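Number of protein chains: 2
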Amino acid sequence: MRPRLDVWFTEEHAPGLRFSMRVTHELVRRRSDYQEIAVLETQEFGKVLILDGYLMVTEKDEFIYHEMIVHVPLAVHPDIRRVLVIGGGDGGAVRELVRYDTIEEIDLVDIDPDVIDVCEAWLPQLAEKLRDPRVTIHFADGVRFMRQVSRPYDLIIIDSTDPFGPGEGLFTREFYGSCHAGLTEDGILINQHESLFYDEYRVAMRRVHDRLGRLFPVARVYQAHIPTYPSGHWLFGFSSKRYDPLLDLDAEGWLARGIRTNYYNPELHRGAFALPNYIRRELEGDRQARLK
Amino acid sequence: MRPRLDVWFTEEHAPGLRFSMRVTHELVRRRSDYQEIAVLETQEFGKVLILDGYLMVTEKDEFIYHEMIVHVPLAVHPDIRRVLVIGGGDGGAVRELVRYDTIEEIDLVDIDPDVIDVCEAWLPQLAEKLRDPRVTIHFADGVRFMRQVSRPYDLIIIDSTDPFGPGEGLFTREFYGSCHAGLTEDGILINQHESLFYDEYRVAMRRVHDRLGRLFPVARVYQAHIPTYPSGHWLFGFSSKRYDPLLDLDAEGWLARGIRTNYYNPELHRGAFALPNYIRRELEGDRQARLK
Numbered sequence: 073m074r075p076r077l078d079v080w081f082t083e084e085h086a087p088g089l090r091f092s093m094r095v096t097h098e099l100v101r102r103r104s105d106y107q108e109i110a111v112l113e114t115q116e117f118g119k120v121l122i123l124d125g126y127l128m129v130t131e132k133d134e135f136i137y138h139e140m141i142v143h144v145p146l147a148v149h150p151d152i153r154r155v156l157v158i159g160g161g162d163g164g165a166v167r168e169l170v171r172y173d174t175i176e177e178i179d180l181v182d183i184d185p186d187v188i189d190v191c192e193a194w195l196p197q198l199a200e201k202l203r204d205p206r207v208t209i210h211f212a213d214g215v216r217f218m219r220q221v222s223r224p225y226d227l228i229i230i231d232s233t234d235p236f237g238p239g240e241g242l243f244t245r246e247f248y249g250s251c252h253a254g255l256t257e258d259g260i261l262i263n264q265h266e267s268l269f270y271d272e273y274r275v276a277m278r279r280v281h282d283r284l285g286r287l288f289p290v291a292r293v294y295q296a297h298i299p300t301y302p303s304g305h306w307l308f309g310f311s312s313k314r315y316d317p318l319l320d321l322d323a324e325g326w327l328a329r330g331i332r333t334n335y336y337n338p339e340l341h342r343g344a345f346a347l348p349n350y351i352r353r354e355l356e357g358d359r360q361a362r363l364k
Numbered sequence: 073m074r075p076r077l078d079v080w081f082t083e084e085h086a087p088g089l090r091f092s093m094r095v096t097h098e099l100v101r102r103r104s105d106y107q108e109i110a111v112l113e114t115q116e117f118g119k120v121l122i123l124d125g126y127l128m129v130t131e132k133d134e135f136i137y138h139e140m141i142v143h144v145p146l147a148v149h150p151d152i153r154r155v156l157v158i159g160g161g162d163g164g165a166v167r168e169l170v171r172y173d174t175i176e177e178i179d180l181v182d183i184d185p186d187v188i189d190v191c192e193a194w195l196p197q198l199a200e201k202l203r204d205p206r207v208t209i210h211f212a213d214g215v216r217f218m219r220q221v222s223r224p225y226d227l228i229i230i231d232s233t234d235p236f237g238p239g240e241g242l243f244t245r246e247f248y249g250s251c252h253a254g255l256t257e258d259g260i261l262i263n264q265h266e267s268l269f270y271d272e273y274r275v276a277m278r279r280v281h282d283r284l285g286r287l288f289p290v291a292r293v294y295q296a297h298i299p300t301y302p303s304g305h306w307l308f309g310f311s312s313k314r315y316d317p318l319l320d321l322d323a324e325g326w327l328a329r330g331i332r333t334n335y336y337n338p339e340l341h342r343g344a345f346a347l348p349n350y351i352r353r354e355l356e357g358d359r360q361a362r363l364k
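Structure (structure tokens):
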């Protein structure tokens, strides 16, 4: 099992904190117009997709991330037909979405065709449903795409990379405003919200939460355990024009769909919104006094 | 900030997975009669306690572990007066326990006096309450101590190391039987339950869950996000002769105590018992068909 050639991929999760995986094969390494794309075979996590040196997904734990960005809104909104995924060229979000036969159209916007090529070639576990007839892939900048949306969506999922590099614009006030405008009157916006445990993104993510809270009547944050992401404690934003993620959760309806999941379930859905105090205080800022 | 002498502590969280912290000072390294004890100052996590090469606690995230092993049972059982902590020589569990003025006696059993010495000298944030007048420290083997308990406890917390080395006996059927016998008729047993994400302890921990389920009418598992432990997804066992961790949760009563916590709150308490499907299936084994 252990190769003689001892090769490691290392990501710095915080200054002075390294997370390293043993690499059994380098499958592909390519520079696209936007970023460096690599797929490595690792001992513990199977194949992993790395963009500009940052780990995006691993075969072993991608189910957690993708189930949590898709099934949470789908268990709340009773009639999601049109969905937009921004980023997500790996196909993991689409794979979960196409399990709902009530979804009629899925637009996927990714700036980088090479990400999709690489994932279709090397990560079929993720990309297998990108050719589903309901899916339309747009190679475009997410920010620009959102400015010209004419038919609104029931659900928008911002499946972005980190708040720097090609995905930077997907964390701005302007972009969130376009998302709000591009949603139906009962639409839901899901965004990946990074972790708040290390200092690096804490301030940026509090700002994101404030921005979404000014735009949407419902702006909540929920969590999942994702072992290969910094701190393992990952957050997502649930912003909505009408539906509340807990009051409007239709647990029985979701279970009746018979979708087998490895992480998500309706009880966990409720628990995912019960955040630790240090996160609540960080997100609430000055409203700390209200914290119970 | 970054020292010129670049020193790293590395723990292998799984085969082919390394978690490494930059060390700014080695504060102490000592071999006791039982294990090698070290305290390192790190860039990101402050001081960290390491036993036989395995990271035990860090100043930055120890609050999560210690709040979760103490406040969960204390918010459920209405009248906890006598508590036993097995292991836990760092003092973190005791520090949380002494915040309850209704607790009258705390016995701490740790096999290794050197752990307590080192923590009192180098980790006062953890050890500061070990001299509380309600605390009695017993330097003894936990398994032997439990065989001769005469007055039962309302709460026993197994704050053990991993299921090998000096703490190995704290995962056996005999030991859990002694704990059951050493509890009052409405007593609660809390044990640290490792993580199930990596293969290493998965089988051992399913066995632990089965053992506790045969002894106690209520045997549940709950979770927390602990960034420095393998996978970041840590489990605890809640075994009880009478109280259910959710049905008997007294959220208002707990909040009325006015204990300020950084991780725990009663909503999170409920969420902590809502486990991901892959954990539920693992713990339930053949009862998988019942899984919703």
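Read top to bottom, the protein sequences are chains A and B.
For the first sequence, this note's numbering assigns the number 73 to the initial residue and increments by one for each residue that follows.
For the second sequence, this note's numbering assigns the number 73 to the initial residue and increments by one for each residue that follows.
Beta carbons are placed, not taken as given, at the ideal position from N, Cα and C, and that holds for glycine.
All figures in this text were calculated on a predicted structure; none of them were measured in a lab.
Three or more Cβ pairs closer than 8 angstroms define a contact, and the segment 101-112 of chain B falls short of that threshold against the segment 171-180 of chain B. DSSP places residue 149(A) outside both helix and strand once states are collapsed to three, so it counts as coil.
Under the three-state reduction of DSSP output, residue 341(B) falls in the helix class.
Secondary structure note for residue 336(A): it is in no beta strand (DSSP E), with a DSSP letter that is neither H nor E.
Of all alpha-carbon atoms in 88(A), 87(A), 94(A), the one lying nearest the alpha-carbon of residue 77(A) is that of 94(A). For residue 129(B), there is no enclosing alpha helix (DSSP H); the enclosing beta strand (DSSP E) has its first and last residue at 126-130. Around residue 335(B), the beta-carbon contacts reaching into chain A at under 7 angstroms are 348, 349, 350. Around the beta-carbon of residue 220(A), fewer than 16 other beta-carbon atoms lie within 10 Å, marking it exposed.
One alpha carbon belongs to residue 142(A), the other to residue 341(B), and they sit about 25 angstroms apart. Around the Cβ of residue 85(B), a 10 Å sphere holds 16 or more other Cβ atoms; the residue is buried. Residue environment for residue 236(B): exposed (fewer than 16 other C-beta atoms within 10 angstroms of its C-beta).
About 6 angstroms separates the beta carbon of residue 248(A) from that of residue 284(A), a gap short enough to meet the 8 angstroms contact definition.
The three-state reading of DSSP puts residue 84(A) in strand, counting E and B together.
When secondary structure is reduced to three states using DSSP, residue 172(A) falls in the coil class, being assigned neither helix nor strand. Here residue 294(A) carries a strand assignment [DSSP, helix/strand/coil].
Take residue 321(B), set aside five residues on each side of it, and the residues of its chain with a beta-carbon closer than 8 angstroms to its own are 147, 148, 338, 341, 342, in chain order. Residue burial is scored here from C-beta neighbours: residue 357(B) has fewer than 16 other C-beta atoms within 10 angstroms and is therefore classed as exposed.
From the listed residues 134(B), 162(B), 238(B), 139(B), the smallest Cα separation to residue 331(B) is found for 139(B). Taking 8 angstroms as the threshold, the shortest C-beta distance from residue 115(A) to chain B falls below it.
Membership of residue 188(A) in the alpha helix (DSSP H) is indicated by the continuous run 185-194. Counting only residues of its own chain and dropping the five nearest sequence neighbours on each side, residue 96(B) has a CB closer than 7 angstroms to the CB of 75, 113, 114, 115.
Per DSSP, reduced to three states, the secondary structure at residue 110(A) is strand.
By the Cβ rule, the segment 227-246 of chain B does not count as touching the segment 191-203 of chain B, because fewer than three pairs are nearer than 8 angstroms. For residue 224(A) and residue 255(A), the gap between their C-alpha atoms comes out near 5 angstroms. With respect to chain B, the C-beta atom of residue 297(A) has a partner C-beta closer than 8 angstroms. In the DSSP secondary-structure assignment, residue 93(A) is bridged to 81(A), 89(B). When the alpha-carbon of residue 278(A) is set against those of 211(A), 351(A), 187(A), 222(A), the nearest one is in 351(A). Per DSSP, residue 248(A) is one residue of the alpha helix (DSSP H) stretching across 245-253.
Using a CB distance cut-off of 8 angstroms, residue 311(B) does not count as an interface residue toward chain A.
Between residue 134(B) and residue 164(B), the C-beta spacing is below 8 angstroms. For residue 227(A), the enclosing beta strand (DSSP E) starts and ends at 225-231.
With fewer than 16 neighbouring CB atoms inside 10 Å of its own CB, residue 222(B) falls in the exposed class. Contacts with chain B (Cβ-Cβ distance below 9 angstroms) from the segment 229-240 of chain A involve no residue at all. When secondary structure is reduced to three states using DSSP, residue 76(A) falls in the coil class, being assigned neither helix nor strand. Within the segment 121-143 of chain B, no residue places its CB atom closer than 7 angstroms to a CB of chain A.
Secondary structure at residue 265(B): coil, using DSSP grouped into helix, strand and coil.
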